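Letter by letter, the sequence shown follows residues 435 to 748 in this note's numbering.
The beta carbon of each residue, even a glycine, is placed where N, CA and C say it ideally should be.
Note that this is a predicted model, so its numbers are computed, not measured.
This report concerns only the one structure given below.
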Amino acid sequence: MAMRSGILGSKSVVNGALSPLQIEVVRKLIPILRAGKWPIGGKISDAALAREFGISRTPVRQVLQFLAEKGLLAQTDNRGFVLVRVPTGDDRFEEVVPPSGMDMLYRQIMHARANGLIGSEASETELLEHFGTSRGVVRRTLMRLSAEGLAERRDGHGWRFAECLDNRQAVNESYAFRAIIECGAVMEDTFRVDMEMLLALESEQTALLNAPLASIEGSAWFEANARFHETVVSWANNRFLEQAIHRQNSLRRMTEYAEFAELSEAGVRKAARDHLAILEAIKSDDRKLASAILFRHLSRSSASGEARPARLGD
435 MAMRSGILGS KSVVNGALSP LQIEVVRKLI PILRAGKWPI GGKISDAALA
485 REFGISRTPV RQVLQFLAEK GLLAQTDNRG FVLVRVPTGD DRFEEVVPPS
535 GMDMLYRQIM HARANGLIGS EASETELLEH FGTSRGVVRR TLMRLSAEGL
585 AERRDGHGWR FAECLDNRQA VNESYAFRAI IECGAVMEDT FRVDMEMLLA
635 LESEQTALLN APLASIEGSA WFEANARFHE TVVSWANNRF LEQAIHRQNS
685 LRRMTEYAEF AELSEAGVRK AARDHLAILE AIKSDDRKLA SAILFRHLSR
735 SSASGEARPA RLGD
């Protein structure tokens with residue numbers, strides 16, 4: 435396959451000043467690359483990423499061109515992209531794309547909610563005073579939380595936050611709900627597998643299975659697992675099932691921000707092996723087996739009563 439260096443197609447990228455949307459895409463994509471979703475030489479689809487991130491292809495393509503300029507990707511003759519190397523800490527992307535004010539407030543609110551530092555309801559003014567930021571940043575952050583099902587607007591300038599998975603009963607109820615949704619999704623008549631996505635999931639989970647534990651970031655671990663479950667449910671082609679599992683992952687993410695998961699090697703390896711077994715059953719068109727493995731997988735996680743809710747990573 436012939437490859438050439440990236441030609442940046444966005445003036446803002448050429449000038450070295452990424453737009454806020456491009457920065458957000460870079461921040462989402464780097465952990466995915468580090469988690470091993472694609473092997474070296476693997477094709478990276480801008481269309482698939484645009485669907486996953488819920489945005490148009492243009493900013494995704496601009497970011498892929500930016501990463502090609504950084505030497506992580508190479509652009510092929512047919513204007514596609516392949517992975518050349520996995521980003522490391524030496525790339526210092528955290529310095530290139532520092533968190534925005536909205537990203538920082540988003541994390542602060544998630545942390546505060548999960549730790550009981552702010553109540554289930556708050557006004558924009560209260561949040562502004564509590565976190566010492568601007569009203570514009572508060573409003574944009576609340577709109578993001580609203581889009582993720584984590585907050586809803588009340589009368590006036592008030593907001594109500596979603597319940598946290600901060601106790602054993604709530605966690606168990608979440609797992610029971612997910613078992614109904616996810617196992618049912620696999621058995622739907624409308625279930626259709628996207629093989630490119632399946633192979634990408636296999637690559638990512640295999641990388642987690644084999645990677646040294648110290649090299650796995652808590653956030654990357656969480657996102658890889660959330661991506662696995664959301665992707666499998668998406669193959670049922672039912673928007674309401676997708677919305678349900680996305681909201682469950684958002685609720686889990688809120689607790690996750692309180693304290694990154696303390697990863698045990700046994701837990702990481704077992705989850706990855708379960709995920710790979712589910713994918714293998716789906717690939718073999720044995721959806722009953724896939725559903726059974728998935729049910730056992732979620733039931734075992736729920737039964738881990740000695741684990742703290744914030745540390746349940748799957």
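Bounds of the alpha helix (DSSP H) holding residue 655 are 652–668. Its chain contains 615 as the residues whose beta carbon lies nearer than 7 Å to that of residue 678, once the 5 sequence neighbours on both sides are disregarded; these appear in chain order.
In the DSSP assignment, residue 585 falls within the unbroken beta strand (DSSP E) covering 585–587. Burial state of residue 579 is buried, judged by a 10 Å Cβ sphere holding 16 or more other Cβ atoms. Residue 513 carries a coil assignment under DSSP once its states are collapsed to helix, strand and coil. Runs of the beta strand (DSSP E) lying entirely within the segment 601–630 and spanning at least 3 residues: none are present.
Counting along the chain, residue 555 sits inside the beta strand (DSSP E) bounded by residues 555–557. Here residue 477 is bridged, per DSSP, to 516.
Taken through DSSP and simplified to helix, strand or coil, residue 508 comes out as strand. In the structure shown, residue 594 falls within a strand segment according to DSSP collapsed to helix, strand and coil.
The shortest C-alpha to C-alpha distance from residue 517 to any of 706, 506 and 635 is the one to 506.
Boundaries of the alpha helix (DSSP H) around residue 571: 569–581. In this model, residue 536 and residue 688 are separated by some 16 Å (Cα to Cα). For the pair residue 712 and residue 667, the CB atoms are not nearer than the 9 Å cut-off. The segment 590–600 makes no contact with the segment 642–660: fewer than 3 CB pairs, one atom from each, lie closer than 8 Å.
If you compare the alpha carbons of 476, 612 and 532 with that of residue 681, the shortest gap goes to 612. For the 9 Å CB-CB criterion, residue 621 and residue 725 form a contact. Boundaries of the alpha helix (DSSP H) harbouring residue 492: 491–503, taken from the DSSP string. About 6 Å separates the beta carbons of residue 520 and residue 468, which is inside the 8 Å limit, making them a contact pair. Between the segment 553–560 and the segment 581–596, the count of Cβ pairs shorter than 8 Å is three or higher; the stretches touch. Ranked by how close their Cα comes to the Cα of residue 453, the residues 465, 466 and 497 have 497 in first place. Note that the C-beta distance between residue 582 and residue 684 is below 9 Å.
In the three-state scheme derived from DSSP, where H, G and I count as helix and E and B as strand, residue 462 is classed as helix.
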